[in-house]
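> My questions all concern the structure below.
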Amino acid sequence: MTGVLSTTSCYWSFPTAILSGTAAAAGIAWINSVGNLAGLVAPELFRWMKSQHGMGAALLGLAAIQACAGILALATIKPTRN
Numbered sequence: 004m005t006g007v008l009s010t011t012s013c014y015w016s017f018p019t020a021i022l023s024g025t026a027a028a029a030g031i032a033w034i035n036s037v038g039n040l041a042g043l044v045a046p047e048l049f050r051w052m053k054s055q056h057g058m059g060a061a062l063l064g065l066a067a068i069q070a071c072a073g074i075l076a077l078a079t080i081k082p083t084r085n
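To convert, count from 1 in the sequence shown and add 3; that's the working numbering.
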């Protein structure tokens, strides 16, 4: 739990680091909207996966979603020039 929650500061700083002005505000709104939607969908999806495939498959599905989110976050990093 601590590892997942420790990423929230980086998570919210992405839009302002990549975008500026109204685009940054729209990026923050997008993150908030997707987070709220995930809070609505995730419990039902987890419950369905658990009933259909068992607890292990449900946890693997959640791990795969988190891995995809991490890869997507890494893909947004711009290389720095020295």
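Note that the Cβ used here is the ideal one computed from N, Cα and C, for glycine as well.
Compare the beta carbon distance of ALA32 and THR19 with 8 Å and say whether it is the shorter of the two.
In this structure, THR19 does not lie closer than 8 Å to ALA32 by Cβ.
> Specify the secondary structure class of GLY59 as computed by DSSP and reduced to three states.
If DSSP states are grouped into helix, strand and coil, GLY59 belongs with the helices.
> Quick one: residues in its chain with C-beta nearer than 7 Å to the C-beta of THR79, no 5 flanking neighbours on either side, listed in chain order?
Taken in chain order, the residues that qualify are PHE17, ILE21.
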